[in-house]
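Enquirer: Structure in C-alpha cells, see below.
So, in C-alpha cells, the structure goes:
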C-alpha cells in the first residue's frame, strides 16, 4: 500500500493546490492560536472548499479540553478530521461524543522509553507520532527514535511526523512502514510558507521508498 502524505500547517491556497497536485492525501489546518501556522476557521474553510473530494482536510487542535468547541470549529471550517495534541486532556471520541462522525487523530509526543501499550488509553482512528517538545505542538523540526514508532506501527495505524524532510523521509518509511507521513517545517522556506521544490522532493522521496518496499 502506498504511503499517504499529509502536508500540515497550510496557510495559503496556492500551497494547498500545489500539494494536492503532487498527490497529498490530507492537508492540516492549525487552529491552535499560539502556533506560527495558525489559520482562522473562516480562512481554512475558503481553502477547503476548493479541495478535491478525495483529499482529507484535518483541523489541528492543541490543549483543547472541550469536545463541543472542537466539533463546532470543525463544522465551521469544514474539516473531515481532527488532530488532537495534548495527551493530558484526552477528549472522548466515541460513545456519543460530539466528535462522532469525524476522523480522530491522536497526536502523541514520543519520549524515550514510550511503550506501545501507552496508546491503549486513547480512542482514535489513527495516531500521529511526533517529537516531544514542551513549548511546541508539532512543527518541531526534530526527529525521534523511529524504533519506537516501528513497534507502535506493528499494531496501530500510525502517521509518522517529527522532523521529516526530503532527505530523511525515505529512510523513515523503510524503517517504520507507517500508514502515512506528516510534514510541515521540513518543506517550508519559513513557518507556513511551503517551498515548491522541497514539496516536490519530499513526494519523490516517498514514492522512491515505496518502490523499494
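In the numbering used here, the protein residues as written are 6 to 218.
All residues carry an ideal CB built from backbone N, CA and C; glycine is no exception.
(1) Closer than 6 Å by C-beta to residue 91: which residues in its own chain qualify, once you throw out the five before and the five after it? Chain order, please.
(2) Measure how close the beta-carbons of residue 154 and residue 183 come, nearest whole angstrom, since I'm counting them as under 8 Å.
(3) Residue 7 to residue 164, Cα distance in whole Å?
(4) Below 8 Å on the Cβ atoms is my guess for residue 89 versus residue 109; work out the distance and round it to an integer in Å.
(5) Check whether the Cβ atoms of residue 54 and residue 16 sit closer than 8 Å, and answer yes or no.
(6) For residue 9 and residue 215, what's the separation of their Cα atoms in angstroms?
(7) Does the distance from the C-beta atom of residue 177 to that of residue 188 stay below 8 Å?
(8) Assuming the contact rule is C-beta atoms closer than 8 Å, residue 133 and residue 158 should be a hit. Round their C-beta distance to whole Å, please.
(9) Would you say residue 84 and residue 104 are within 8 Å of each other, going by their C-beta atoms?
(10) What's the gap between the Cα of residue 106 and the Cα of residue 86?
(11) Under the DSSP definition of a beta bridge, which residues are partnered with residue 11?
(12) Work out the CA separation of residue 152 and residue 117 for me, nearest whole Å.
(13) Pull up the DSSP beta-bridge partners for residue 132, would you.
(14) If you run the structure through DSSP and keep just helix, strand and coil, what is residue 91?
(15) Within a Cβ cutoff of 6 Å, which residues of the same chain sit near residue 46, ignoring the five residues on either side of it in sequence?
(16) Is residue 190 buried or exposed, if buried means 16 or more other CB atoms sit within 10 Å of its CB?
(17) Count the other C-beta atoms from every protein chain shown that fall within 10 angstroms of the C-beta of residue 59, then say buried if there are 16 or more, exposed otherwise.
(18) Can you have a look at residue 38 and say buried or exposed, based on whether 16 or more other CB atoms are within 10 angstroms of its CB?
(19) If you drop the 5 nearest sequence neighbours on each side, which residues of the same chain put their C-beta closer than 7 Å to that of residue 102?
(20) Have a look at the DSSP bridge pairing and note the partners of residue 63.
(21) Tell me, which residues are paired with residue 193 by DSSP?
Expert: On the basis of the coordinates in this document:
(1) 67 and 68
(2) Beta-carbon to beta-carbon, residue 154 and residue 183 are separated by about 7 Å, close enough to satisfy the 8 Å threshold.
(3) Rounded to the nearest whole angstrom, the C-alpha separation of residue 7 and residue 164 is 13 Å.
(4) Right, their Cβ atoms sit about 7 Å apart.
(5) no
(6) 10 Å
(7) no
(8) About 12 Å; that fails the 8 Å criterion.
(9) no
(10) 9 Å
(11) 31 and 187
(12) Rounded to whole angstroms, residue 117 and residue 152 show a C-alpha spacing of 10 Å.
(13) 111 and 163
(14) coil
(15) 78, 81 and 82
(16) buried
(17) Residue environment for residue 59: exposed (fewer than 16 other C-beta atoms within 10 angstroms of its C-beta).
(18) exposed
(19) 72
(20) 33 and 86
(21) Paired residues: 199.
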